[in-house]
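In my numbering, the protein residues as written are 1474 to 1774.
For each residue, glycine too, the CB sits at the ideal point set by N, CA and C.
Worksheet: the structure to be examined is printed underneath.
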Amino acid sequence: MAKNLLSIKDLSKDEILDLIKFSNSFIDNEGNFRKEDLFPDKTVANVFCEPSTRTKSSFAIAAGNLGCSVIDFNIDNSSVQKGESIFETVDALNLMGVDLCVLRHPESVIQDLAEALPKMVFINAGEGSISHPTQALLDMKTIIDHKNSLDGLKIVIVGDLDHSRVTSSFVEGISNFSIDSLTFSGHPEMCTKYQNPQIGHYEPDLDKALDNADVVMTLRIQYERFDQELNLDLETYKNAYQLSSEKLGSAKGDVIIMHPGPVNYVEITEAVYDSENSVIREQIANGVAIRMAVLSRFLSG
Ligand code: CP
């Protein structure tokens, strides 16, 4: 296994399946996360330079459950505000004895940091629009929990795909498996990178895209990543791309509905979010188990 988890491409298919299986061992029969004092001598720093609820909190909970000391680094109250760079910041944590850095950053800095600080382990918790490998792991775990395997599935991803690090890591992750089909849908100007038949089929008509689907992943519009103000009529957008009960009629009866969060209820209706087919809240819980598995494996070196 690689020393750092910078990309889902750092993991082989066997390593992905091992991490998913291992994550299940951290959930007891009542569905609670086990607390095991496995790494009392290890310190994990959570360095988030972009907002987060799920990823940041689940890494902190996972590290605490494993007996690690956790530094919940607050960038807004740090010397970054006095002009210190991310390199100096993480190096300072390294010199103080932090063993593993969980990093979310809007730019591609993690590879350079990992090379500059070889004693530290780095886990990518979100790199701009580029990658989010632990989200891909928890998404694949959630699908396997319901469908037993990723093989043979018809998977649809709908929304603002161009700005989605969730999509890019998920697509890389499932490329290890023999899925039946991968269909991308959404506003053409939000799916420019995904109109490439080499990675999947682009279908702008969501009703057609959803035909016979086993898995539907829906994504919010990431307003914060557009260079210019988005001139969009939301009602027109919702008519075309919002995942509603009516649109889901053409999917399989046991289709599962996924969303990495946060949810804006533009891309999905509240009825679909709350439906029996929705596994969105399971994804959030699976984040803790997957991150316990990732931290355990990468802290063990
Ligand atoms: N899915 C995800 O990365 O959510 P947060 O931004 O809340 O961490």
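At least 8 Å separates the beta-carbon of leucine 1611 from that of isoleucine 1489.
Looking only at Gln1668, Val1631, Leu1626, the smallest Cα-Cα distance to serine 1648 is reached by Leu1626. Here glutamate 1600 is bridged, per DSSP, to His1578, Ser1604. Collapsing the DSSP output to three states places tyrosine 1667 in a helix. Within the same chain, Thr1640, Phe1657, Met1690 come within 6 Å of isoleucine 1630 by CB-CB distance, once the 5 residues on both sides are set aside. In the three-state DSSP reduction, phenylalanine 1499 falls in the coil class, being neither helix nor strand. Between the alpha carbons of valine 1739 and isoleucine 1493 lies a gap of roughly 31 Å. Looking from the CA of glycine 1599, the closest CA among Ser1642, Asp1618, Ile1559, Asp1633 belongs to Ser1642. In this structure, the C-beta of serine 1525 approaches the ligand CP to less than 7 Å from one of its heavy atoms. With respect to the 8 Å criterion, leucine 1768 and alanine 1609 are not classified as neighbours on the basis of their beta carbons. Short note on proline 1606: C-beta not closer than 7 Å to any heavy atom of the ligand CP.
Counted as a single uninterrupted DSSP element, the alpha helix (DSSP H) harbouring serine 1769 occupies residues 1753-1772. Here threonine 1742 has Gln1715, Leu1716, Ser1717, Ser1718 as same chain residues with Cβ atoms under 8 Å from its own Cβ, once five neighbours each way along the sequence are excluded.
Restricted to the stretch 1704-1728, the alpha helix (DSSP H) segments that are unbroken, complete and at least 4 residues in length are 1707-1714, listed in chain order.
Checking the DSSP bridge columns, you'll see methionine 1731 partnered with Met1690.
Distances between the C-beta of proline 1579 and the heavy atoms of the ligand CP are all 7 Å or more. For alanine 1589, the three-state secondary structure derived from DSSP is helix.
For valine 1631, DSSP records a beta bridge to Ser1658, Thr1691.
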